[in-house]
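Those protein sequence lines, which keep their order, are chains A and B.
Residue numbering for the first sequence follows the working numbering, starting at 1282 and increasing by one per position.
Residue numbering for the second sequence follows the working numbering, starting at 11 and increasing by one per position.
Even glycine gets a Cβ: it sits at the ideal position worked out from N, Cα and C.
Scroll down for the structure; my scribbles are underneath it.
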Amino acid sequence: MSITPPWFSRNVFAMGAVAVLSVSVLAACTSNGSSSSSSSSSSSPSTSTSASTSASATGSPASTAPISIGASLSLTGDFSDDGQAFKKGYELWAADVNAKGGIMGRQVKLTILNDASDQNQVVTNYQTLINSDHVNLTFGPFSSKLTAPASEVAARNGYAFIEGAGGAPSVFDTPSNQADHNVFDVSLPVADELMPFVNYIASLPASQRPKNAAYPMADDPFADPPVQLAQSKLQALGVQTVYSKIFPAEPTDYKSAADAIAAAKPDAVVLGSTDVPTVQAFMKAFQQQHYVPKLFIAAAGPDQGSAFTSAVGAQNAAGMMVPNGWYPGYSNAASQQMVTEYVAQYHPAGGASGVNADVAEAYSVGQVLQQAIIATGGIDNSKIISYLHGNVTLNSVQGPVKFDALGENGAAAAFIFQWQANGTSFVQVLPQGVPASKPILNPKPAWSS
Amino acid sequence: MTQEILQAVVDGILTGGVYALMAVGLTLIFGVLDIINIAQGVLVILGAYLSYSLSTKAHIDLFVGLLITVPAMFVIGVVIHWAFIRRLRGTERTSMTLLVTYAVALIVEGVLYKIYGADPQSLNASYTTNSIKIFGFYVTYIYIYGFILAVAIVGLLYALLYRTRFGRSVRATMQDETAARLVGVDVNRVAALTFGIGVAVTAVGGMVFGATQAAFNPNSGYDLISRLLAIIILGGMGSIAGALVASVFMITLESVVTIWQPTWAVAVFYAALVLVLVIRPEGFLGRKAVRAQ
């Protein structure tokens, strides 16, 4: 019997092809919608004034109205776990400030829009915040990938752009920042963040150094620079490179790449990752291939507290390392206070160890801005920019903050943290010899069965 | 290098089975209803989350849990059809379903964010990490089970379509909806049940996806849907066996290219789609092959 199904027309194929292309573009943009959501630290409705953008950027020191601060965060999309953690950090800071009477008697009001992890949407959001909502000040988004285009909007409108998750060199090299110097990253610059790990390898006797290493990297401005620098330094130390490839930032399947590394069985893996799923995928593939690297460090992912341990399993987390400038056990009074408040409010799995480093980065952004407002006596963005470039040292839950000419935090020190005690304890292990560093777990324990 | 390529081919074939599990529901729904279900990727993730809940809260084995998640997803599919799809009529129906199913995807994603949050999760059991050694490398049991499941589900769907009264109604509706109505087929019922079955199958795909791939969160479905659409077009839209063949072909190709240069893998995936469609516009098992079924 020969039947011609009416639904197999060329038109339908054309429509299907259009659908594939449309959705491919959609997925490539990592966007799942351009709609924005808004939240505020206070219950009052959004502040809407008729003030011009320039008036908002300049501010009014005598005002007692709430200080409106706008931010775009990745509440959905590929960076949603980081974006959600950042939102908690910003809101925790605002709640703390408002509970103490605000800044110079003015309450803080946050307006947070969702950029769905999309580079186009983040630009639209900051244009909305500045030109439509007329916020007084801005906080940065999550990730270097989004911070660079967002900072250009802020620069065009004369806003200071204080952020906590845009440490890639490409963020500071934008033409707008080269001209206006309005970007200020309160966290650790990423390019050198793996140097404590390199220095540790260099400190080992030649017989104990890893003989070879693999360097898989996500195609991301945050992930690549530190791994590439580490690779060049380790090669100079005689560590042979057995794998060094960049994979797309959003693949759905890492297995082939991970299996190729497992087949080479390098002593060390330095993974240029941006999130937990990437690290989890490599760990799982390695476990399936019965391969345990002696040293396994990832640029990001293991620093995300319970979000990491719940995805990979606590026992498998043991021995995993990550560079950062902060960890929940950091012996800083403000940091301890923030961790206590966070645990009480959000109850992360694993208690204090489960607090995501993103929370501290976001909280630090608020702290730095607060000190700048008080020091300049108001919310004039140009005065804040000048003040922050004034060689001042500020305090944050991540430690001291001191900006160089391009807005990088020159006072931030790079540390390497490691999950130990069967994945129940996240501790500082490098650099060696400083009081806060615990002995490093080398080699990494076997995967749990 | 030979060993690496061999491993990439085996990885590709077995992972292709996983993708086939996610794609067969999409192609079945298109074949019967002329609907391109953009929500399919998010529904896969919903299936993964249902398995996650049963595994972590009730300690039910992932495969045993399918006895619950498959019927649950069937009901969800029927409800989605009843609430959103059946009302669409007229010449713009197919294009309208793109928008409607995208809206469904956003709704499901929002609900998942509300319930589970943004933290990534994964499905774990002994067979998701235990493996056997073949050709000098390890093959994980979950991939083998997933591939067997894919072949079994394709076989079951064929049996349903070609060995049952319901299947005859489905095929009659596929060929000519008006004629099917005239001979007494309850077309609305067939459409609802078919949409339900198409969504129910994603429960299996979601479970195997969650157990084999990177950790997932509510957003993960968007990375999947473009690939699933490419697979069903390449396989021949509406062809269930075509979905399996195309999945294995595409993922194996991508897997091998990843060995050479990972950044090219995605480009080659879609370039292969374009190339095959230029040579054979109906896809691997489209049109003539489907008619012969």
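### Task
Note down, in chain order, all residues in the stretch 241-260 of chain B with a beta-carbon under 7 angstroms from any beta-carbon belonging to chain A.
Ile243, Met247, Gly248
### Every unbroken alpha helix (DSSP H) within the stretch 52-133 of chain B, with a cutoff of 4 residues, ordered by chain
72-90, 103-126
### Query
Can you name, in chain order, every residue of its own chain whose Cβ lies under 6 angstroms from the Cβ of Val20 of chain B, other than the five neighbours on each side?
none
### Query
Should Ala1592 of chain A go down as buried or exposed, given a rule of 16 or more other Cβ atoms within 10 Å for buried?
buried
### Query
Are three or more beta carbon pairs between the stretch 210-223 of chain B and the stretch 79-97 of chain B nearer than 8 angstroms?
yes
### Where Ser61 of chain B meets chain A, residues with beta-carbon distance less than 8 angstroms
Simply none; closest approach about 15 angstroms.
#### Entry: Euclidean distance between Cα positions of Phe1478 of chain A and Leu76 of chain B
45 angstroms
### Query
Taking Cβ-Cβ distances below 7 angstroms as the criterion, which residues of the stretch 207-237 of chain B are in contact with chain A?
Gln223, Ala224, Ala225, Asn227, Asn229, Tyr232, Asp233, Leu234, Ile235, Ser236, Arg237
### Query
Are any of the Cβ atoms in chain C nearer than 7 angstroms to that of Phe1528 of chain A?
This model lacks chain C altogether; the protein chains it does include are A and B.
### Query
Leaving out five residues before and five after Val114 of chain B in sequence, what residues of the same chain have Cβ atoms less than 7 angstroms from its Cβ?
Ala49, Ile90, Phe94
### Message
Give the list of continuous beta strand (DSSP E) stretches no shorter than 3 residues that lie fully inside the stretch 1540-1575 of chain A.
### Response
1549-1552
### Message
What does the alpha-carbon distance come out to for the pair Val197 of chain B and Pro1507 of chain A?
### Response
60 angstroms
### DSSP-derived helix/strand/coil call for Thr1392 of chain A
strand
### Message
So Asp1359 of chain A contacts chain B; which residues on that side make the cut at Cβ distance below 7 angstroms?
### Response
Asn229
### Minimum Cβ-Cβ distance from Ser1275 of chain A to chain B less than 7 angstroms
Within the shown structure, residues of chain A are numbered from 1282 to 1730, placing residue 1275 of chain A beyond reach of any answer.
### Interface residues of chain B facing Thr1559 of chain A [CB-CB closer than 8 angstroms]
Ala224
### Task
Determine the DSSP secondary structure at Glu1474 of chain A, reduced to helix, strand or coil.
coil
### Query
What do you reckon, are the CB atoms on Asn1493 of chain A and Gln1516 of chain A nearer than 7 angstroms?
no
### Per-residue DSSP class, three states only, for Val1603 of chain A
strand
### Query
Going by DSSP, which residues form a beta bridge with Met1498 of chain A?
A:Ile1527, A:Gly1553
### Query
Is the stretch 1684-1692 of chain A close to the stretch 1444-1463 of chain A, with three or more CB pairs under 8 angstroms?
yes
### Task
Note down, in chain order, each residue of its chain lying with its Cβ closer than 6 angstroms to the Cβ of Tyr1496 of chain A, except the 5 sequence neighbours on either side.
Val1508, Gln1512, Ser1525, Val1551
### Query
From which residue to which residue does the beta strand (DSSP E) around Tyr148 of chain B run?
147-150
### Query
With distances taken from CA atoms, which of A:Ala1580, A:Asn1703, A:Ile1411 is nearest Gly1439 of chain A?
A:Ile1411
### Query
Around the C-beta of Thr12 of chain B, are 16 or more other C-beta atoms found within 10 angstroms, so that it is buried, or is it exposed?
exposed
### Task
Answer with buried or exposed for Val1464 of chain A, where buried requires no fewer than 16 other C-beta atoms within 10 angstroms of its C-beta.
buried
### Task
Can you grab the Cα-Cα spacing for the pair Val1653 of chain A / Ile1665 of chain A, in whole Å?
The sequence as given places Ala at residue 1653 of chain A; Val does not occur at that position. Rounded to whole angstroms, Ala1653 of chain A to Ile1665 of chain A spans 6 angstroms at the Cα level.
### Query
Taking 7 angstroms as the CB-CB cut-off, is Ile269 of chain B touching chain A?
yes
### Query
With respect to the alpha helix (DSSP H) encompassing Val1589 of chain A, which residues constitute its N-terminal and C-terminal limits?
For clarity, residue 1589 of chain A is Phe in the given sequence; the question names Val instead. 1587-1593 is the span of the alpha helix (DSSP H), which, as asked, contains Phe1589 of chain A.
### Task
Compare the Cα-Cα distances from Lys1536 of chain A to each of B:Ile70, B:Leu43, B:Leu64, B:Thr139 and report the closest residue.
B:Thr139
### Query
Residue range of the alpha helix (DSSP H) that Lys1514 of chain A falls in?
1505-1517
### Task
Measure how close the beta-carbons of Phe1503 of chain A and Ser1424 of chain A come, nearest whole angstrom, since I'm counting them as under 8 angstroms.
6 angstroms
### Query
Quick one: which chain A residues come within Cβ less than 9 angstroms of Phe147 of chain B?
Asp1540, Ala1543, Ala1544, Gln1570
### Query
By how many angstroms is the C-alpha of Ala1545 of chain A removed from the C-alpha of Val110 of chain B?
48 angstroms
### Query
Where does Ile1697 of chain A sit, in a helix, a strand or coil, going by DSSP?
strand
### Query
Can you list, in chain order, the residues of the stretch 1577-1598 of chain A whose Cβ is nearer than 7 angstroms to any Cβ on chain B?
Ala1588, Ser1591, Ala1592, Gly1594
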